[in-house]
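Written below as structure tokens is the structure these notes are about.
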Amino acid sequence: MSIEALFSCPGASPLQSFEMKPYDNRAWFLVLPALIIMTFVGILPLIAVTNYSFQDLFSLNNPYWVGLDWYHNIVASERFYASLARSFLFSAIVLSIQLPIGIWIALLLQRSHRFIVSIVLVLITLPLVVPWNMIPVIWLNFINPDAGLAGRSLAWLGAGFDYKFNALHTWIVLVVMDTWHWLGLVVVLAYAGISSISPAYYQAAAIDAASQWQVFRFIQLPKMKTVLSMAVLLRFMDSFMIYVEAFRINAGGPDSATAFLSLDLGEEIQAFNYGPSAARSMVYFLIVLTVAWTFKAATSTRAPVAMEPAR
-7 MSIEALFSCP GASPLQSFEM KPYDNRAWFL VLPALIIMTF VGILPLIAVT
43 NYSFQDLFSL NNPYWVGLDW YHNIVASERF YASLARSFLF SAIVLSIQLP
93 IGIWIALLLQ RSHRFIVSIV LVLITLPLVV PWNMIPVIWL NFINPDAGLA
143 GRSLAWLGAG FDYKFNALHT WIVLVVMDTW HWLGLVVVLA YAGISSISPA
193 YYQAAAIDAA SQWQVFRFIQ LPKMKTVLSM AVLLRFMDSF MIYVEAFRIN
243 AGGPDSATAF LSLDLGEEIQ AFNYGPSAAR SMVYFLIVLT VAWTFKAATS
293 TRAPVAMEPA R
């Protein structure tokens, strides 16, 4: 008996309710352009950089195999660990500032009129569309003690702000500039997470006479977990790879106080040290990948899911 006859025979088998579902693989053709682009802009350059990191490149036609020498020089360098610590410290500072402020603004917008919400979201996301190479130019003019609004105001107050020779002031400029640039992303993501919460949860909380802190702790924050995780990952990767802002503001100074990993990598590339710069790029890539994977693994553990409120 054929398979078709077996399936069509009434009462012959429990498989009579089974239906053969056709598989349409044409959807893969829709993904094909993205795969081709990712191959050329992501996979092939990564393979090339990995290959270069094991060689001393006097020229592309005359490579010399050095094995793990460049990696050994990196991990044995005190400057590498100092730059790594600065990069992690900068990311930790901007995340500890931008996440609470972004969530707080999103909570305020939730209680505001739609017209006000629209205006605030447009204004706060405007810095996101500013070209990245113009950000330090804008802030250099802004903090200029002779012509900048902030610079002249601080000079008038007698604050003695000197971002060129004071490491603390340079860090303040970088942190404030990064917050001004990227706070809108955190606000938009947090507001999207809050807006997706069903009103039934708030009604149940009102019946239980829950405080605002309890509503935030047990309803809003758990529901924003996904978008906040996305915000943390995006902001960590962006802040950890800061280059143009730190280079244009003070070129890693004063006294290497803002010499991050990205600036060390830029110096190697500008010196045409392609082998060491390739190895440093791979170490950089592995650090970001490891942190992102660790964070994803730590936040993917399923917490007890609260029951849906009765409607």
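Residue -7 is where the sequence shown starts when you use the working numbering, and the numbers rise one by one after that.
The C-beta atom is built at its ideal place from N, Cα and C for all residues, glycine as well.
With residue i and residue j assumed to form a contact (beta carbons below 8 Å), what rounded beta-carbon distance in angstroms separates them?
i	j	result
Asn136	Val236	Not a contact, Cβ separation roughly 18 Å.
Leu49	Tyr266	4 Å
Phe238	Leu255	The sequence shown places Ala at residue 238, rather than the Phe named in the question. Their Cβ separation, rounded to whole angstroms, is 6 Å, which keeps Ala238 and Leu255 in contact under 8 Å.
Met274	Thr31	Their Cβ separation, rounded to whole angstroms, is 19 Å, which puts Met274 and Thr31 out of contact at 8 Å.
Val112	Leu101	6 Å
Trp62	Pro268	5 Å
Can you tell me whether residue i is buried or exposed? The criterion is at least 16 other CB atoms within 10 Å of its CB, across all chains shown.
i	result
Trp174	buried
Tyr73	exposed
Ile66	buried
Arg303	For Arg303, the predicted structure reports a pLDDT of 47, less than 50, and the residue's modelled location is therefore unreliable. A value from the coordinates is still provided. With fewer than 16 Cβ atoms within 10 Å of its Cβ, Arg303 is classed as exposed.
Asn242	buried
Ala298	At Ala298 the pLDDT is 47, less than 50, meaning the model places this residue with poor confidence; the figure from the coordinates comes in the next sentence. Exposed, by the Cβ-count rule.
Ser292	exposed
Gln212	buried
Gly185	buried
Met169	buried
Glu260	buried
Trp131	buried
Gln47	buried
Ile(-5)	Any reading at Ile(-5) is ruled out, since the residue's pLDDT is 44, under 50, leaving its predicted position unreliable.
Ile35	exposed
Phe264	exposed
Ala(-3)	Annotation note: pLDDT 48 at Ala(-3) (below 50); position unreliable, coordinate value reported separately. Burial call: exposed.
Glu300	In this prediction, Glu300 has a pLDDT of 49, which is less than 50 and means its spatial position is unreliable; what the coordinates show is noted afterwards. Counting Cβ neighbours within 10 Å, Glu300 comes out exposed, since fewer than 16 surround it.
Ala270	buried
Gly152	exposed
Gly94	buried
At which residues does the alpha helix (DSSP H) containing residue i begin and terminate?
i	result
Trp62	Asp61 to Val67
Phe21	Ala19 to Met30
Ala151	Run containing Ala151: none; DSSP gives neither H nor E here.
Arg106	Arg106 to Thr117
Gly258	Leu253 to Gln262
Trp96	Glu70 to Gln102
Pro191	Pro191 to Ile199
So for residue i, helix, strand or coil by DSSP?
i	result
Asn246	A small correction: the amino acid at residue 246 is Pro; Asn does not occupy that position in the sequence shown. Coil, per DSSP.
Trp205	helix
Asp170	helix
Val283	helix
Asp48	strand
Met229	helix
Asn136	coil
Asn158	coil
Ala290	helix
Tyr183	helix
Trp124	coil
Asn43	helix
Could you tell me which of the options sits nearest to residue i, measuring between CA atoms?
i	options	result
Leu76	Ala251, Lys217 and Asn242	Ala251
Ile230	Leu87, Tyr44, Leu24 and Trp57	The question names Ile, but residue 230 in the sequence shown is Asp. Among Leu87, Tyr44, Leu24 and Trp57, the Cα nearest to that of Asp230 is on Leu87.
Val167	Ala84, Ser190 and Gly143	Ala84
Thr286	Ala238, Phe228 and Ala40	Phe228
Lys215	Ser187, Gln195 and Ala223	Ser187
Ile89	Thr218, Val23, Tyr63 and Gly176	Gly176
Ile116	Ala147, Ser145, Val180 and Gly140	Val180
Ser110	Tyr63, Tyr183 and Leu226	Tyr183
Ile189	Ala202, Val207 and Ala201	Val207
Gly245	Leu160, Trp20 and His105	Leu160
Trp163	Ala249, Ala19 and His64	Ala249
Leu272	Arg144, Phe264 and Leu253	A small correction: the amino acid at residue 272 is Arg; Leu does not occupy that position in the sequence shown. Answer by Cα proximity: Leu253.
Ile279	Val33, Ser79 and Tyr56	Ser79
Met222	Val178, Met233 and Ile234	Val178
Pro92	Thr42, Ala197 and Thr171	Thr171
Asn53	Asp61, Leu60 and Tyr44	Tyr44
Val224	Leu100, Val283 and Gly152	Val283
Lys156	Leu149, Val165, Ser69 and Ser104	Val165
Leu220	Trp96, Ser104, Pro191 and Gly152	Trp96
Met233	Thr218, Gly258, Arg209 and Asp247	Gly258
Arg103	Arg240, Thr218 and Gln204	Gln204
From which residue to which residue does the beta strand (DSSP E) around residue i run?
i	result
Tyr56	Pro55 to Trp57
Check the Cβ-Cβ distances between residue i and every residue of chain C, and say whether any is below 7 Å.
i	result
Ala159	Absent from the structure: chain C. Only one protein chain is present.
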